[in-house]
Amino acid sequence: MTFDNVAAIDGLTIVNWSPGDPLPNPVTSIPRISVDYDADTDDWITEFRALLKLPEVEQVPGLSIGLWGQPYDTTSAPVIQAVAAAAPLLPNLRALVLGDMSYEDCEVSWIHNSDATALFRAYPTLTHAVLRGGNGLRIDGLQHAGLRSLSVQTGGMDERILHDVLQATLPKLEVLELYLGTDEYGCNIEPADLEPLLSGRVLPSLTHLGLMDYYRADELAPLVANAAILSRLSVLDLSLGTMSDAGGQALLDSPAIARLSRLNLAHHFFSDDMMNKLRALGPEVDVSDQQEAEEYNGEVIRFVAIGE
Amino acid sequence: MPGPGQSGKGRRPGSGRPAPETVVVGGGGERAAAFAASCAELGWPVPTFCSWRDAFDAGLHARVADGPLLRIDSPSDDPANDAWLVELGGGSPPPTGALLPFDAWYAGLARVLTRIDEQSRHLRSRLQNPSELRMMFDKEFTAQTLHNAGVPVPESFSTTDAAGDTVDGTELLARARAAGWSQAIVKPRYGSSASGLVALRWHGDRIIARSTVEVTDAGCYNSRRLQTYRDGRAIRLLDALSRQPLRLERWIPKMSLDGATADFRVVVIGGRARHVLLRCAHGPFTNLHLGARRGNVATARAELGGRYVDVLGTAEDAVACFPDTWYAGVDVLVPRQGRARVVEVNAFGDFHTGVRWRGLDTYQCELRTFVAARGNRFDA
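Quick look at the structure:
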């Protein structure tokens with residue numbers, strides 16, 4: 646139900662950075678720039694420019710764009726523009742996080758995001774990207790020859806973002822995570838909308854697929870369990886959502902699921918019995934963080950991990 | 033020569049003088065057991081416990097006649113004490129699991145502390161001033177005192193007006209909006225921060241409140257789980273809580289340390305920061321009993337660089353506002369930028385197992401430093 650700052654990306658730890666600090670060790674770490682809760686995007690850009698003036702900044706292997714002001718009032722657009730424009734100064738940048746905010750900073754669905762495509766266009770060396778905050782987020786016309794890992798984290802994903810991903814040209818993408826979220830916070834994606842992805846017709850290099858934090862996880866499970874893409878996946882991540890025994894059974898019944906190396910189902914509503922059966926399945930199965938459904942006015946409610 | 037843990041006056045190696053007797057107001061739970069174990073490890077005499085009830089009934093007089101060290105520990109170590117304090121304070125003890133009427137609890141606490149003060153005022157060997165302990169349980173008073181002394185604290189205001197009347201949930205939110213904030217932590221004015229907290233944020237029409245308080249037809253209850261309240265339900269939660277005097281503190285986003293939202297608990301003893309803990313949470317509250325974990329202080333210290341000294345110094349400055357009290361546990365938050373801020377001064381914030389400072393746990397450090405500061409002499 647809450648989320649922390651992104652801790653690491655592509656093996657690089659993310660370290661808070663403000664003007665006056667030295668550059669984090671470029672072999673092990675990348676800087677996160679977050680302004681004060683009272684500040685605005687101009688202040689963020691000022692701090693970013695201060696980073697760019699550091700000697701050896703060209704060694705920086707990545708950047709995390711954190712709190713850029715009042716994120717529920719101001720969009721990420723000016724910040725995206727500033728980071729894209731700085732590409733000549735950051736020739737070694739391979740990892741990028743947009744919206745690296747914790748629960749302390751902002752509700753994920755209140756983050757005012759914008760089109761992030763310029764970041765991908767500006768950095769051909771990019772291999773790993775995390776985009777957090779689905780409100781206003783687009784990656785329209787995304788093409789990238791080298792991107793290997795993409796994680797899109799929202800509390801409720803709009804179908805246009807899914808559309809952007811399905812239309813994208815990402816020949817080298819191995820890892821895709823989509824935090825689909827809940828309809829309360831803007832998810833208008835039906836399980837059937839994921840069919841082009843599940844068919845394996847797009848993203849030829851994919852080996853790790855996450856369809857996470859989904860409020861219709863039980864309905865999705867049988868579609869995934871019989872999906873053609875499974876034959877090329879080693880990791881399937883269906884964690885953080887509302888999956889219960891109905892979805893679990895669909896997974897159990899699938900020989901293709903049993904052939905995966907890893908299956909992540911953390912944060913779930915399985916019974917103890919179903920948990921045990923899933924653990925015995927074959928792949929390394931994570932069924933930690935068992936949840937209890939709530940009852941409210943006679944209705945049983947299961948909730949995703951990250952919504953608002 | 034008696035060995036450690038044996039009853040009777042223990043001997044500290046090399047001193048030739050017996051270690052002092054200690055009397056503790058408290059007992060009945062884990063804290064008492066831990067304190068006794070710490071004394072035993074030091075080779076000090078077994079401490080004598082005087083329950084809070086006994087202390088209220090003038091039972092302390094006889095026990096302090098020989099001028100022992102006097103230490104006051106939490107009444108909540110004995111679970112039966114909370115209801116008793118509420119009654120003493122003129123309130124009705126609530127059903128099990130319900131939120132305490134904190135103002136009545138505080139009034140009861142104040143009565144007992146006054147009696148303790150009367151019975152111990154003459155001692156030069158008491159570790160705390162009971163009046164100062166009382167003040168620490170009034171968050172309004174504490175915040176004002178710290179602010180006046182130049183100790184950074186979050187911006188805040190109280191919901192009681194000059195007449196002592198409280199405002200309702202809608203008015204509370206209106207005041208916070210008027211102050212230009214977008215998020216706040218709502219806390220009962222009296223009592224410790226163990227319960228009754230709300231993490232509140234708003235944007236336009238949208239309001240979201242998170243709290244372990246559960247509102248039922250029968251009143252407010254403590255839940256183990258964080259509940260989420262939106263819009264109208266959030267206002268109703270605030271209404272239910274505002275029967276008690278409340279404080280609103282600006283919710284300042286904490287810096288991420290050791291990979292999580294974290295703040296520090298600094299145990300200040302004898303004017304210096306000694307034991308430091310990092311409390312990491314996945315959510316707005318870092319109280320350890322709400323599922324937070326202990327983080328790695330060394331990692332956080334490295335991440336903070338020069339700002340770490342500010343954390344310790346700020347905690348020390350806070351406890352210096354209570355000059356007659358030897359120790360307290362201070363909650364310090366580090367915002368992304370700027371000075372560290374004191375969120376709370378905890379009178380009984382020294383119960384932390386497994387943390388050592390120069391080989392001493394919190395209790396041992398309290399005792400040793402107190403005795404050393406007085407040249408190892410006590411004239412009753």
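Chains as they are written, first to last, in our numbering: chain G, 646 to 953; chain A, 33 to 412.
Every residue, glycine too, gets a C-beta built ideally from N, C-alpha and C.
Nothing here was measured: the structure is a model prediction, and the numbers come from that model.
Expected contact under 8 Å - CB spacing of A873 of chain G and G892 of chain G to nearest Å: As a working note, residue 873 of chain G is residue 228 in the first sequence. As a working note, residue 892 of chain G is residue 247 in the first sequence. That belief does not hold up - the Cβ atoms of A873 of chain G and G892 of chain G are roughly 19 Å apart, past 8 Å.
Three CB pairs or more closer than 8 Å across the segment 929 to 942 of chain G and the segment 721 to 733 of chain G: no
Residue interval of the beta strand (DSSP E) (run including V230 of chain A): Here residue 230 of chain A corresponds to residue number 198 of the second sequence, with the count starting at 1. Its beta strand (DSSP E) spans residues V230 to H235.
8 Å Cβ cutoff met for F88 of chain A and R147 of chain A: Working through the second sequence from its first residue, we reach residue 88 of chain A at position 56. Working through the second sequence from its first residue, we reach residue 147 of chain A at position 115. Going by C-beta atoms, F88 of chain A is nearer than 8 Å to R147 of chain A.
Beta strand (DSSP E) segments (min. 3 residues) lying fully within the segment 727 to 762 of chain G: 740 to 743
Residue-chain proximity (R44 of chain A, chain G), Cβ-Cβ < 8 Å: In the second sequence, residue 44 of chain A corresponds to position 12, counting from 1. With a pLDDT of only 48 at R44 of chain A, under 50, the local geometry of the prediction cannot be trusted, and the value read off the model is given with reservation. Not closer than 8 Å to any Cβ of chain G, the Cβ of R44 of chain A fails to qualify, so no.
Residues that A652 of chain G contacts on chain A, provided the C-beta gap is smaller than 9 Å: Translated into positions along the first sequence, residue 652 of chain G becomes position 7. What A652 of chain G touches in chain A: S288, G291 and A292.
Buried or exposed (CB count within 10 angstroms, at least 16 for buried), G236 of chain A: Here residue 236 of chain A refers to the residue found at position 204 of the second sequence. Under this definition G236 of chain A is an exposed residue.
Top-ranked residue by Cα proximity to Q369 of chain A, from G:W689, G:G656, G:A727 and G:V651: To locate residue 369 of chain A, count along the second sequence from 1; it is residue 337. Ranking G:W689, G:G656, G:A727 and G:V651 by Cα distance to Q369 of chain A puts G:W689 first.
T346 of chain A beta carbon less than 8 Å from that of P184 of chain A: On the second sequence, position 152 is the one that residue 184 of chain A refers to. On the second sequence, position 314 is the one that residue 346 of chain A refers to. Contact flag set, yes.
S152 of chain A, DSSP secondary structure in three states: As a working note, residue 152 of chain A is residue 120 in the second sequence. DSSP places S152 of chain A in helix when its eight states are reduced to three.
Where W283 of chain A sits in the DSSP three-state scheme: Sequence index remark: in the second sequence, residue 283 of chain A carries index 251 (1-based). It is coil, neither helix nor strand.
Nearest neighbour of V702 of chain G, chosen from G:T719, G:A862, G:P667 and G:I710 [CA to CA]: Locating residue 702 of chain G in the first sequence gives position 57, where the first residue counts as 1. The candidate whose alpha carbon is nearest that of V702 of chain G is G:P667.
F81 of chain A - DSSP class collapsed to helix/strand/coil: Here residue 81 of chain A is taken as the residue at index 49 of the second sequence, counted from 1. Strand.
Cβ-based neighbour list, H913 of chain G, same chain, cut-off 6 Å, excluding 5 preceding and 5 following: For the purposes of this step, residue 913 of chain G is taken as the residue at position 268 of the first sequence. These residues qualify, in order along the chain: M888.
Supposed contact pair D934 of chain G and A911 of chain G - C-beta distance, whole angstroms, cut 8 Å: Here residue 911 of chain G refers to the residue found at position 266 of the first sequence. Here residue 934 of chain G refers to the residue found at position 289 of the first sequence. Right, the Cβ-Cβ distance comes to about 5 Å (below 8 Å), so this counts as a contact.
Identity of the residue in G:D803, G:G778, G:A774 and G:E749 nearest V820 of chain G by Cα: By 1-based counting over the first sequence, the position of residue 820 of chain G is 175. When each option's Cα is compared against that of V820 of chain G, the closest is G:A774.
Within chain G, partners of E376 of chain A - CB distance below 7 Å: By 1-based counting over the second sequence, the position of residue 376 of chain A is 344. The contacting residues do not exist; E376 of chain A stays about 17 Å from chain G at best.
Pairwise C-alpha distance: L856 of chain G and L868 of chain G: What you label residue 868 of chain G is simply residue 223 of the first sequence in a count that begins at 1. What you label residue 856 of chain G is simply residue 211 of the first sequence in a count that begins at 1. Those two C-alpha atoms are separated by around 12 Å.
R368 of chain A: contacting residues in chain G (beta-carbon distance under 9 Å): Taking the second sequence and counting its residues from 1, the one referred to as residue 368 of chain A is at position 336. Chain G residues near R368 of chain A: N661, S663, S679, V680, D681, Y682, G711, L712 and D750.
L269 of chain A vs S243 of chain A beta-carbon contact at 8 Å: Residue mapping note: residue 269 of chain A aligns to position 237 of the second sequence, counting from 1. Residue mapping note: residue 243 of chain A aligns to position 211 of the second sequence, counting from 1. Against a cut-off of 8 Å, the Cβ pair of S243 of chain A and L269 of chain A comes out as a contact.
Residue-chain proximity (P285 of chain A, chain G), Cβ-Cβ < 8 Å: Along the second sequence, one-based indexing puts residue 285 of chain A at 253. Yes, contact with chain G.
Member of G:N833, G:D785 and G:L741 whose CA lies at the smallest distance from the CA of L811 of chain G: Counted from its first residue, the first sequence places residue 811 of chain G at position 166. Of the listed residues, the one whose Cα sits closest to L811 of chain G is G:D785.
Below-8 Å beta-carbon distance, W755 of chain G vs any chain A residue: Start at 1 with the first residue of the first sequence, and residue 755 of chain G comes out as number 110. W755 of chain G counts as touching chain A.
Expected contact under 8 Å - CB spacing of I631 of chain G and V705 of chain G to nearest Å: Residue 631 of chain G cannot be examined here, being either before or after the span of chain G that is shown, 646 to 953.
Cβ of E701 of chain G within 8 Å of any chain A Cβ: Looking up residue 701 of chain G in the first sequence gives position 56. Not closer than 8 Å to any Cβ of chain A, the Cβ of E701 of chain G fails to qualify, so no.
Inter-residue spacing [alpha-carbon to alpha-carbon] between R311 of chain A and E281 of chain A: Your numbering for residue 311 of chain A matches position 279 in the second sequence. Your numbering for residue 281 of chain A matches position 249 in the second sequence. R311 of chain A and E281 of chain A: Cα-Cα distance of roughly 19 Å.
Residues of its chain near S18 of chain A, where Cβ-Cβ distance is below 8 Å and the 5 sequence neighbours each way are ignored: With chain A running from 33 to 412 in the structure shown, residue 18 of chain A is simply not present.
6 Å Cβ shell around Q215 of chain A - same chain, five flanking residues per side excluded: Counted from its first residue, the second sequence places residue 215 of chain A at position 183. For Q215 of chain A, where only same-chain residues beyond five positions count, the Cβ hits under 6 Å are R233 and W283.
Continuous alpha helix (DSSP H) stretch holding E864 of chain G: start and end: Locating residue 864 of chain G in the first sequence gives position 219, counting from the first residue. Start and end: A862 to A870.
8 Å Cβ cutoff, D828 of chain G in contact with chain A: Reading the first sequence from its first residue, position 183 is the one you call residue 828 of chain G. Cβ-Cβ to chain A under 8 Å: no for D828 of chain G.
The beta strand (DSSP E) enclosing L811 of chain G, as first and last residue numbers: Numbered from its first residue, the first sequence carries residue 811 of chain G at position 166. L811 of chain G -> not in any beta strand (DSSP E); alpha helix (DSSP H) instead, spanning E804 to Q812.
Beta-carbon proximity check, T799 of chain G vs G826 of chain G, cutoff 8 Å: On the first sequence, position 154 is the one that residue 799 of chain G refers to. On the first sequence, position 181 is the one that residue 826 of chain G refers to. A contact, by the Cβ cut-off of 8 Å.
DSSP beta-bridge partners of V945 of chain G: By one-based count along the first sequence, residue 945 of chain G stands at place 300. Bridge partners of V945 of chain G: G:E940.
Residues that H307 of chain A contacts on chain G, provided the C-beta gap is smaller than 9 Å: Translated into the one-based positions of the second sequence, residue 307 of chain A becomes position 275. Per Cβ cutoff of 9 Å: no residues; H307 of chain A is ~25 Å from chain G at best.
Proximal residues of chain A, C-beta to C-beta of D649 of chain G below 7 Å: On the first sequence, residue 649 of chain G is found 4 positions in, with the first residue counted as 1. Residues of chain A passing the Cβ test: S288, G291, A292, T293 and H314.
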